[in-house]
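Engineer: Taking the numbering used here, the leading residue of the sequence shown gets 78, the next gets one more, and so forth. We put the beta carbon where it would ideally sit given N, CA and C, even for glycine. Computed from a predicted model, the values in this text were never measured in an experiment.
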Amino acid sequence: MSVSNETTSGSAETELEDVEEALKDVIDPELGVNIVDLGLLYGLKYAEDGALLIDMTLTTAACPLTDVIEEQVSQALESVVDSYRLNWVWMPPWGPERITDDGRDQMRALGFNI
Numbered sequence: 078m079s080v081s082n083e084t085t086s087g088s089a090e091t092e093l094e095d096v097e098e099a100l101k102d103v104i105d106p107e108l109g110v111n112i113v114d115l116g117l118l119y120g121l122k123y124a125e126d127g128a129l130l131i132d133m134t135l136t137t138a139a140c141p142l143t144d145v146i147e148e149q150v151s152q153a154l155e156s157v158v159d160s161y162r163l164n165w166v167w168m169p170p171w172g173p174e175r176i177t178d179d180g181r182d183q184m185r186a187l188g189f190n191i
């Protein structure tokens with residue numbers, strides 16, 4: 078995942094790490110693995126108005142559980158950031174090569190052959 082920031086302060090970078098850690102609590106309801114380790118998170122940065130901009134995707138554009146993931150993101154970030162905007166990104170399309178080593182371990186533990 079590409080974590081970027083429009084400012085260069087060390088505290089902002091640390092805060093983005095906190096955001097990424099909080100987003101590990103968001104579990105893809107179909108696969109049972111968090112969105113960070115699945116590689117669904119494409120980028121984090123702050124807008125000029127101070128809102129966190131989150132670029133992320135889903136394993137498929139036709140995912141019927143988008144609302145569930147959006148609600149989980151809201152809950153995960155509730156005490157971490159004041160405001161955020163979720164931007165659904167479809168290019169490049171998600172593929173299993175984006176899954177982290179930790180994500181692969183989690184999937185194997187759930188019985189997936191990956």
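Since Tyr241 contacts Val166 with CB under 8 angstroms, what's their CB separation in whole angstroms?
Structural biologist: Nothing in the structure corresponds to residue 241, since the chain is present only between 78 and 191.
Engineer: Looking only at its chain, what residues have a beta carbon closer than 7 angstroms to the beta carbon of Arg185, apart from the 5 residues adjacent to it on each side?
Structural biologist: Sequence index remark: in the sequence shown, residue 185 carries index 108 (1-based). Taken in chain order, the residues that qualify are Ile191.
Engineer: Note down the Cα distance separating Ile131 from Ser151, rounded to an integer number of angstroms.
Structural biologist: Taking the sequence shown and counting its residues from 1, one reaches residue 131 at position 54. Taking the sequence shown and counting its residues from 1, one reaches residue 151 at position 74. Approximately 12 angstroms between the Cα atoms of the pair.
Engineer: With a 10 Å radius around its C-beta and 16 neighbouring C-beta atoms as the bar for buried, classify Gly87 as buried or exposed.
Structural biologist: For this step, residue 87 is matched to residue 10 along the sequence shown. Because Gly87 sits at a pLDDT of 48, beneath the cut-off of 50, its placement in the model cannot be relied upon, and the following sentence gives the value as read from the coordinates. Burial call: exposed.
Engineer: Where does Thr85 sit, in a helix, a strand or coil, going by DSSP?
Structural biologist: Here residue 85 corresponds to residue number 8 of the sequence shown, with the count starting at 1. A caution first: Thr85 carries a pLDDT of 37, below 50, which makes its placement in the model unreliable, though a value can still be read off. DSSP places Thr85 in coil when its eight states are reduced to three.
Engineer: In angstroms with no decimal places, state the Cα-to-Cα distance between Asp179 and Asp114.
Structural biologist: The residue given as residue 179 occupies position 102 in the sequence shown. The residue given as residue 114 occupies position 37 in the sequence shown. Looking at the two C-alpha atoms, the distance is approximately 6 angstroms.
Engineer: Measure the C-alpha to C-alpha separation of Ala99 and Thr136 and round it to an integer number of angstroms.
Structural biologist: Taking the sequence shown and counting its residues from 1, the one referred to as residue 99 is at position 22. Taking the sequence shown and counting its residues from 1, the one referred to as residue 136 is at position 59. The straight-line gap from Cα to Cα measures roughly 20 angstroms.
Engineer: Look up Met133 in the DSSP assignment and say whether it is helix, strand or coil.
Structural biologist: Numbered from 1 along the sequence shown, position 56 holds the residue referred to as residue 133. In the three-state reduction of the DSSP assignment, Met133 falls in the strand class.
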